[in-house]
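Take -16 as the starting number for the sequence shown in our numbering and just add one per residue.
The C-beta atom is built at its ideal place from N, Cα and C for all residues, glycine as well.
Heads up, the thing below is written out as structure tokens.
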Amino acid sequence: MYRCTECENKSRKWIGKCPVCNKFNTMEEFSEKETNKKTNVKAVTLKNIHSDEEERIPTNINELDRVLSGGIVSGSLTLIGGEPGVGKSTLLLQICQSMKEKQILYISGEESTSQIVLRAKRLGLTCENLLIMSNNNVEVIEATLEKINPTLLIIDSIQTMYTSNINSTAGSVSMVRECCTRFINISKTKNIATILVGHVTKEGSIAGPKVLEHMVDTVLYFEGERNLSYRIIRVMKNRFGSTNEIGIFKMEEKGLIEIQNPSEYMLSGRPENVSGSIITCTIEGSRPILAEVQALVSATSFGIPRRTATGCDYNRVVMLLAVLEKKMDYKLSNYDSYVNIAGGMKINEPSLDTALITAICSSYKNIPINPKIVTFGEVGLSGEIRAVNMAEKRIKEAQKLGFEICIIPKANEYKKIDGMKILNVSNISELLNFAFKNTSK
């Protein structure tokens, strides 16, 4: 058989160009052995299987432990992906510092040991039990692990690793899969917690392409814009905990700083008495976060109005503009509409709808909204406002930061909270009436 080293496509004969990935000279011969050996493996019932609680190793970084549901599980593989320069290597060194009482082996296939030491000095880190090695040969790494048995193994990055078992280049699908399989065996047999760093493609997925995400136990994405100081760790897969948590950091000269109150951080620098601005409360995992929704509606000078959405779903914004035109008779087809989530946040939750509607109408009428108002709720195509989950948690988060009026869906029907006025609405007409009625003069 012949197999493509880029996309794993198989063929019974050699061909110069792979018909799947269109790459030339990538077909390599391999033997596909069939085994019909009988085994003595028996199936057992669930109640007869005894499993001990997994041992977790806390990283002592609260935001990271929140995402990992308490810490890294011994013998597990954690994959961290992110764009170049977002701070993956900085985060790994800070993990080494916070776990300095544990023995950690840091293997870099991209940097020399002197370059790693320079970064550690810049961050002010002193990790006495940290062992550093610059090598990308899996066989050499396995030989090193036979001599030492670290608590944590860090591979930076998996795309630079290679093994002599297969004849392929480092970073190809077959090589990445083989190296990942070797590290899985090392991690499980020696009970070593392993962190792999993965490169990200232009589409934003981990290079490999998706093969790594299926093989590892936990997948974390490290997100953030280069021109913004905050960073978000988002868990996409977790065999040992929740997949809905995020951790928020701020990038500074001395490394990543945890943000304990992200709502207060996101609202810092908010303008006052300007139209097209309102606060909403979104849920990231189990954490409520307040964010500012901004809108700018201006008369268009072209035949087709422009629609721009930053930080939210573009198609959702277009749909809400159509609902406003149909149900409220707003002539938005003659206006350009720009929507932005301040601070660089990305929100895909439907509860953002009422804030988008209110901000767009505020800019359209050029009437500022009361800065003490917060709203959340999903808007349907008929203009109705539907219920959202965790309404109580959202309201209490807004109350904690000093907001006085909360406009929520009538279906949630939440009781009044001391110091917070709750307004229940069932459609966008009631929403806009309450929003502009409670506008400060």
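Inter-residue Cα distance where the pair is residue i and residue j
i, j, result
"LYS281", "MET198", "Position check: residue 281 holds Ser in this sequence, whereas Lys was assumed. Each residue's alpha carbon lies about 50 Å from the other."
"THR263", "MET249", "11 Å"
"LEU62", "GLN142", "12 Å"
"GLU429", "LEU211", "Outside the displayed span of the chain (-16 to 424) sits residue 429, for which this structure offers no information."
"PRO333", "ASN298", "12 Å"
"THR226", "ASP296", "21 Å"
"GLU236", "MET158", "36 Å"
"GLY154", "GLU66", "16 Å"
"SER442", "PHE13", "Nothing about residue 442 can be read from this structure; the chain reaches only from -16 to 424."
"ILE149", "ASN244", "49 Å"
"LYS424", "ALA338", "Since pLDDT at LYS424 reaches only 44, below the 50 mark, its modelled position is unreliable, and the value read off the structure follows with that caveat. Spanning the two alpha carbons is a distance of roughly 20 Å."
"GLU255", "ASN5", "56 Å"
"PRO354", "LEU384", "12 Å"
"MET373", "THR(-12)", "48 Å"
"LEU29", "ARG39", "24 Å"
"THR73", "ARG217", "17 Å"
"GLY363", "ILE324", "21 Å"
"VAL100", "GLY64", "22 Å"
"LEU114", "GLN86", "8 Å"
"LEU279", "TYR347", "8 Å"
"GLU367", "ILE169", "55 Å"
Helix, strand or coil at residue i according to DSSP, with G and I counted as helix
i, result
"SER317", "Checking the sequence, you will find Asn at residue 317 rather than Ser. If DSSP states are grouped into helix, strand and coil, ASN317 belongs with the helices."
"ASN31", "helix"
"THR42", "coil"
"ASN298", "helix"
"THR146", "coil"
"SER(-6)", "strand"
"PRO392", "strand"
"SER72", "helix"
"ILE169", "helix"
"MET219", "strand"
"ASP139", "strand"
"GLU387", "coil"
"THR226", "coil"
"ASN323", "strand"
"ILE180", "Rather than Ile, the amino acid found at residue 180 in this sequence is Val. Three-state DSSP puts VAL180 in a strand."
"ASN264", "Residue identity differs from the one stated: residue 264 is Cys in this sequence, not Asn. Strand at CYS264."
"MET10", "strand"
"ARG253", "coil"
"VAL371", "coil"
"GLU413", "helix"
"TYR(-15)", "strand"
"SER91", "strand"
"ALA381", "helix"
Cβ distance (whole Å) where residue i is taken to contact residue j below 8 Å
i, j, result
"ARG102", "LEU76", "6 Å"
"SER140", "GLY207", "SER140 to GLY207, Cβ: 18 Å. No contact."
"ASN221", "THR201", "5 Å"
"SER412", "SER345", "Actually they do not touch by this definition, with Cβ atoms about 15 Å apart."
"THR443", "GLU161", "Lying outside -16 to 424, the shown extent of the chain, residue 443 is not represented and no answer is given."
Buried or exposed (CB count within 10 angstroms, at least 16 for buried), residue i
i, result
"GLN80", "buried"
"LYS399", "exposed"
"GLY326", "buried"
"GLY181", "buried"
"GLN98", "exposed"
"GLY402", "exposed"
"GLY395", "The question names Gly, yet the displayed sequence has Asn at residue 395. Flag for ASN395 reads buried."
"PHE7", "exposed"
"PHE166", "buried"
"LYS25", "exposed"
"PRO133", "buried"
"ARG214", "buried"
"THR291", "exposed"
"THR358", "buried"
"MET144", "buried"
"MET(-16)", "exposed"
"SER365", "exposed"
"SER269", "exposed"
"ALA126", "exposed"
"LYS71", "buried"
Sub-9 Å separation of residue i and residue j beta-carbons
i, j, result
"ASP407", "LYS393", "One point to set straight first is that residue 407 is Asn, not Asp, in the sequence displayed. Cβ atoms of ASN407 and LYS393: closer than 9 Å."
"ILE356", "GLU308", "no"
"THR177", "LEU136", "yes"
"GLY107", "GLY230", "no"
"ASP336", "PRO288", "no"
"LYS83", "THR42", "no"
"GLU11", "ARG(-5)", "no"
"VAL322", "ALA342", "yes"
"PRO271", "ARG369", "no"
"SER260", "ILE138", "no"
"GLU380", "PHE232", "no"
"SER52", "GLU228", "yes"
"LEU414", "ILE350", "no"
"ILE330", "ALA274", "yes"
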